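**Q** Order-wise, the sequence lines are chains A and B.
Position 3, counted from 1, in the first sequence is what the working numbering calls 3; the numbers after and before it change by one each time, with no gaps.
Position 38, counted from 1, in the second sequence is what the working numbering calls 1038; the numbers after and before it change by one each time, with no gaps.
Built from N, CA and C at the ideal position, the CB exists for glycine as well.
Note that this is a predicted model, so its numbers are computed, not measured.
I am attaching a structure below and will ask some questions about it afterwards.
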Amino acid sequence: MDFFKRKFPLIVVFVCGLMMIVAYYVPHKPFNQFQGEASNWYMIISAFALVLAFTSLMRSHYLKIREGKLGWGYSMVMFLALIVTMVVGVLPYDMTIHNKHLLGTRSGTIYMWIFDYVNTPAAATVFSLLAFYIASAAYRAFRVRTIDATIMLITAMILMMGRVPWGEMFSEFMTKKISPYLVFLRLDTLTSFFLNYPTVAARRAVYIGIALATVSTSLRVILGVERTYMGSDE
Amino acid sequence: MNIKIINRLLSIDRRIIYILVAVVILIPIIKPLNLPVHVTKEVLGVYNEIDKLPAGSRILVVFDYEPASTPEMDPMAKAVVRHCFRKQLKVVSISYLEQARGNAQNVLNFVADEFRRQGHPLKYGEDYAYMGFKAGQSAMIMGLVHDFKGACKRDYMGNDVYSMPILKGIKTLADFPYLAELHDDSMINSWITYGYEIVGIKIGALCTAIMAPGIYANLSAGQLTGIVGGLKGGSEYEKLLGYRGVATNGMDSQTLIHFLIIIFILVGNFAYLAKERKLRKERLR
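Okay, structure coming up:
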């Protein structure tokens, strides 16, 4: 039993990890087929993870309703929304109601009506609230306390102005009406400079760091040094 | 400046800020400003690649944005699909985000119906097709790289992909001359890693404004042909196609709100610095 609990997972991870590395670099049979098969296995396993997430969510909200905790009404709404969406989405499209195709997930069904008129407006509204919070934070919290903050503020203002039509119109006015030698101060030119040079440099540094950390962590997992996926006993 | 005025400026009720934001956004919707749009080379990078494809070419359009990003992404998605249909390209679509499926269906059906009303008999399965949501993300992309039809198997309506005319001759991802990825997350990295780096497919990134700065490094490295970022990118694409759509009209509101935020920052910092100066003077006394 100890072999299946401790050693077998390590062997599976090692073999699968090694095969995926080989499959990436060797384009010939049977290795190129392994990647396609692995993606099918991955989809089946992730379906199990979905079942686990679903039961965990249901249990959490059921306990909230049963114990009458604060906000249990919202849990009832969650259950109702879940059951209705699941039923109308899972039932086959060919099953008609009064000779109309209302079930399934294609266009014109109840499921897509829920998506178009409930899910999309609600999600977009919540996301749109960010505009108000950003405006409030810009006024109340964005302070030039240090040199770094001042540089960031000036850069942010240049980028905000450079990415909108008024900023481009102002740049045109500067170079055509005032002096053509001010072309290096054009807001769109400065915006392009900031996006193509400092941002790219910083981003590349982050990518290299992420890549090195990923390689390191992956090797640790494949070689069995990192075993957190096996549970709290390890 | 009077310390009372400074304190009032620093402690202004946030509801006043929210009302100002709402008013500034609403004004251009009621009375459009019709501001001009200037096209950047990043958007041209995507437009030109699609424009030079010969009629009848297959193009892969990936829908990977959630409903929360619909107002920002839908205008550019419709613009790209319109461009493809105008050039008589065959649009093959797919999604790796479960919630993107609704957006993909809406955009494709909307633009296809628009072209049918104009007298172009577009047919599903021949001129455009949607493979549906495919789980697995990076693993699925690897599957597409080696066997496109084997990885897809069926489209979103359950049709067998092996018998679809639009996919005739398509074996792997390399058989597509171009990929337009509409995303609001970091899926573009997987497409670059497994698509561009393995089979060399040309990729155009169409993303939210917040994601765009992060992928300039990929553009600079030649892994992307161009970036269409946010509502601004969408408005530039609409200008290239010769019409003023939702993105272009939305830029009026975006212009005003950007300037309002700049004013907020300047006023807030002016009041803060004035207060600091006053406090320093009182300490020296």
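For A:Thr175 and A:Leu187, I'd like the C-alpha separation in whole angstroms.
**A** Numbered from its first residue, the first sequence carries residue 175 of chain A at position 175. Numbered from its first residue, the first sequence carries residue 187 of chain A at position 187. Computed Cα separation, rounded: 11 Å.
**Q** Check whether the region 1135 to 1148 of chain B and the region 1078 to 1088 of chain B are in contact - that is, three or more C-beta pairs closer than 8 Å.
**A** Of all C-beta pairs linking the region 1135 to 1148 of chain B to the region 1078 to 1088 of chain B, fewer than three are shorter than 8 Å, placing the two stretches out of contact.
**Q** Given a cut-off of 8 Å on the beta-carbon distance, is the pair B:Leu1231 and B:Gly1250 in contact?
**A** Within the second sequence, residue 1231 of chain B is the residue found at index 231, counting from 1. Within the second sequence, residue 1250 of chain B is the residue found at index 250, counting from 1. Cβ atoms of B:Leu1231 and B:Gly1250: closer than 8 Å.
**Q** Step through the CB atoms of chain C and report whether any lies within less than 8 Å of the CB of A:Thr175.
**A** You won't find chain C in this structure, because its protein chains are A and B.
**Q** Buried or exposed for B:Gln1254, going by 16 or more other Cβ atoms inside 10 Å?
**A** Residue mapping note: residue 1254 of chain B aligns to position 254 of the second sequence, counting from 1. Looking at its Cβ environment, which holds 16 or more other Cβ atoms inside 10 Å, B:Gln1254 is buried.
**Q** Looking only at C-alpha atoms, which of A:Lys177, A:Thr120, A:Asn196, A:His28 sits nearest to B:Ser1069?
**A** Counting from one through the second sequence, the residue named residue 1069 of chain B turns up at place 69. Ranked by Cα distance from B:Ser1069, the first of A:Lys177, A:Thr120, A:Asn196, A:His28 is A:Thr120.
**Q** Below 8 Å, how does it come out for the region 1103 to 1115 of chain B and the region 1063 to 1082 of chain B: are there three or more Cβ pairs, yes or no?
**A** These segments touch.
**Q** Let me know the alpha helix (DSSP H) ranges lying completely inside the region 18 to 44 of chain A, each 4 residues or longer, listed in chain order.
**A** none
**Q** Going residue by residue through the region 1179 to 1229 of chain B, where are the continuous alpha helix (DSSP H) segments of at least 4 residues, counting only ones entirely within it?
**A** 1187 to 1191, 1216 to 1220
**Q** Between which two residues does the beta strand (DSSP E) containing B:Lys1078 stretch?
**A** What you label residue 1078 of chain B is simply residue 78 of the second sequence in a count that begins at 1. Boundaries around B:Lys1078 are those of the alpha helix (DSSP H), 1070 to 1086, since no beta strand (DSSP E) includes it.
**Q** Looking only at C-alpha atoms, which of A:Phe4, A:Thr55, A:Thr125, A:Glu172 sits nearest to B:Pro1036?
**A** In the second sequence, the residue the question calls residue 1036 of chain B occupies position 36. With distances taken between Cα atoms, B:Pro1036 lies closest to A:Glu172.
**Q** Do you know offhand how far A:Met95's Cα is from A:Leu82's?
**A** Counting from one through the first sequence, the residue named residue 95 of chain A turns up at place 95. Counting from one through the first sequence, the residue named residue 82 of chain A turns up at place 82. About 20 Å.
**Q** According to DSSP, simplified to helix, strand and coil, what is B:Met1131?
**A** In the second sequence, the residue the question calls residue 1131 of chain B occupies position 131. Note: B:Met1131 maps to strand in three-state DSSP.
**Q** So, for A:Lys64: in the same chain, excluding its five sequence neighbours on each side, which residues have a beta-carbon less than 6 Å away from its beta-carbon?
**A** Residue mapping note: residue 64 of chain A aligns to position 64 of the first sequence, counting from 1. Correct list, in chain order: Trp72, Ser75.
**Q** Under the rule that 16 or more other beta-carbon atoms within 10 Å means buried, what is B:Gln1118, buried or exposed?
**A** Working through the second sequence from its first residue, we reach residue 1118 of chain B at position 118. Classification for B:Gln1118: exposed.
**Q** Check the Cβ-Cβ distances between B:Ser1220 and every residue of chain A, and say whether any is below 8 Å.
**A** Here the question's residue 1220 of chain B lines up with position 220 in the second sequence. Chain A contact via Cβ: present.
**Q** Determine whether the Cβ of A:Thr199 lies closer than 8 Å to any Cβ atom of chain B.
**A** Taking the first sequence and counting its residues from 1, the one referred to as residue 199 of chain A is at position 199. Output row for A:Thr199: interface = yes.
**Q** Determine whether the beta carbon atoms of B:Ile1198 and B:Phe1176 lie at a separation below 8 Å.
**A** The residue you call residue 1198 of chain B lines up with position 198 of the second sequence. The residue you call residue 1176 of chain B lines up with position 176 of the second sequence. The answer is no: Cβ separation not under 8 Å.
**Q** How would you list, in chain order, the residues of chain A whose beta-carbon sits under 7 Å from the beta-carbon of B:Gln1254?
**A** In the second sequence, counting from the first residue as 1, residue 1254 of chain B sits at position 254. Within 7 Å Cβ-Cβ: Val164.
**Q** In or out: A:Thr191 buried (at least 16 other Cβ within 10 Å) or exposed?
**A** Taking the first residue of the first sequence as position 1, residue 191 of chain A is located at position 191. So A:Thr191 counts as buried.
**Q** Kindly indicate if chain A contains any beta-carbon less than 8 Å away from that of B:Phe1063.
**A** Along the second sequence, one-based indexing puts residue 1063 of chain B at 63. At a cut-off of 8 Å, the C-beta of B:Phe1063 has no neighbouring C-beta in chain A.
**Q** Verify the CB distance criterion: does B:Arg1014 have a CB-CB separation below 8 Å to chain A?
**A** The residue labelled residue 1014 of chain B in the question sits at position 14 within the second sequence. By this cut-off, B:Arg1014 is an interface position.
**Q** Flag this pair as yes or no: are the beta carbons of B:Lys1275 and B:Ile1016 separated by less than 8 Å?
**A** As a position in the second sequence, residue 1275 of chain B is number 275, starting the count at 1. As a position in the second sequence, residue 1016 of chain B is number 16, starting the count at 1. Against a cut-off of 8 Å, the Cβ pair of B:Ile1016 and B:Lys1275 comes out as no contact.
**Q** Name the residues in the region 1209 to 1233 of chain B whose C-beta lies less than 7 Å from a C-beta of chain A; which are they?
**A** With the criterion set as a beta carbon lying under 7 Å from some beta carbon of chain A, the members of the region 1209 to 1233 of chain B are Pro1213, Gly1214, Tyr1216, Ala1217, Ser1220, Lys1232, in sequence order.
**Q** Can you tell me whether B:Asp1147 is helix, strand or coil according to DSSP?
**A** By 1-based counting over the second sequence, the position of residue 1147 of chain B is 147. Here B:Asp1147 sits in coil by DSSP.
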